[in-house]
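With the sequence shown counted from 1, adding 30 to any position gets you this note's numbering. Structure record follows, encoded as structure tokens.
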Amino acid sequence: MTKLSVNINKIATLRNARGGETPSVTEAAIKIQEFGAHGITIHPRPDERHITRKDVYDLKPLVTTEYNIEGNPHREFIDMVLNVKPEQVTLVPDADDAITSNAGWDCEKNMDFLKSVISEFKNAGIRTSIFLDPNPEMVKFAAETGADRIELYTEAYAKNYTVNKEEAIKPYYETAVKAAEFGLGINAGHDLSLENLKYFADNIPNLLEVSIGHALVSEALYMGMENTVQSYLKRLAKW
31 MTKLSVNINK IATLRNARGG ETPSVTEAAI KIQEFGAHGI TIHPRPDERH ITRKDVYDLK
91 PLVTTEYNIE GNPHREFIDM VLNVKPEQVT LVPDADDAIT SNAGWDCEKN MDFLKSVISE
151 FKNAGIRTSI FLDPNPEMVK FAAETGADRI ELYTEAYAKN YTVNKEEAIK PYYETAVKAA
211 EFGLGINAGH DLSLENLKYF ADNIPNLLEV SIGHALVSEA LYMGMENTVQ SYLKRLAKW
């Protein structure tokens with residue numbers, strides 16, 4: 031079964047809009063794991079507009095499933111991740127002022143940088159994943175960086191799913207097949223939802239993990255968090 035990691039950035043966004051500790055990021059992580067999620071994902075940014083450095087450290091002892099920290103690997107981010115030692119770090123090339131992640135790595139252009147950063151994380155025993163557009167030609171360069179996994183950037187799939195889902199998923203399938211040839215694990219994330227997740231999970235071979243935040247937290251406003259997490263797990267179940 032593909033694992034579900036829940037990105038709780040939006041919980042922090044809601045908390046920060048009012049100040050104080052409500053809703054609690056740490057309590058949300060505990061409950062989401064109790065409801066069956068296989069991991070917790072956070073994406074701290076330099077301006078701390080949602081997840082803060084304090085959150086990163088506060089969550090560490092509370093995540094008993096899998097802790098995945100995403101971010102642009104500036105030196106401060108690298109040092110924080112090395113200190114916290116999550117199970118996985120996902121490298122994302124987003125600008126500091128980006129509203130959300132909006133592109134995968136050009137691994138060929140950034141090869142030396144990625145090799146250097148990834149070696150630091152792997153020497154510390156942290157599994158590494160790099161955010162990648164659905165482009166089979168980029169996979170060989172991703173493998174050369176030394177990464178353990180790629181995370182397929184699924185915004186294009188989500189946008190085109192209702193137009194032509196077969197065409198929407200085609201480059202992702204091709205990229206996943208190529209990744210398997212190079213021994214790379216496959217994660218996926220961005221704009222996956224209850225509407226489009228099952229088709230994606232059923233048609234991407236060797237899909238190990240999906241990271242879902244915005245849609246899941248939004249749907250939980252209407253359905254409740256426990257029911258929403260369980261609904262996502264059912265979409266991922268193979269039967």
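Cβ atoms here follow ideal geometry from the backbone N, Cα and C, with glycine treated the same way.
| Item | Value |
| --- | --- |
| Residues near residue 152 in its chain [Cβ-Cβ closer than 7 Å; skip 5 each side] | 158, 176 |
| Residue 70 in three-state terms, based on DSSP | strand |
| Close Cβ partners of residue 53 (< 8 Å) along its chain, the five nearest in sequence each way excluded | 41, 44, 45 |
| Rounded separation between residue 137 and residue 74 - CA only | 22 Å |
| Continuous beta strand (DSSP E) assignments of at least 3 residues falling wholly in the stretch 192–224 | 215–219 |
| Closest by C-alpha distance to residue 35, when choosing among 70, 150, 122 | 70 |
| For residue 162: DSSP bridge partner residues | 182 |
| Alpha-carbon to alpha-carbon, residue 56 and residue 88 | 7 Å |
| Alpha-carbon to alpha-carbon, residue 65 and residue 85 | 21 Å |
| Limits of the alpha helix (DSSP H) - the one that residue 57 falls within | 55–64 |
| Stretch-stretch touch, CB-based, cutoff 8 Å, three pairs: the stretch 191–208 with the stretch 243–257 | no |
| Which listed residue (33, 214, 193) has its alpha carbon closest to that of residue 172 | 214 |
| Terminal residues of the alpha helix (DSSP H) in which residue 120 lies | Note, residue 120: premise wrong, no alpha helix (DSSP H); beta strand (DSSP E) at 118–121. |
| Proximity of residue 218 and residue 181 at Cβ, strictly below 8 Å | yes |
| For residue 120 and residue 147, the rounded distance between their alpha carbons | 11 Å |
| Simplified DSSP state of residue 226, which is helix, strand or coil | coil |
| Where residue 212 falls, given that 16 or more other Cβ within 10 Å makes a residue buried | exposed |
| Cα-Cα separation between residue 108 and residue 99, rounded to whole angstroms | 10 Å |
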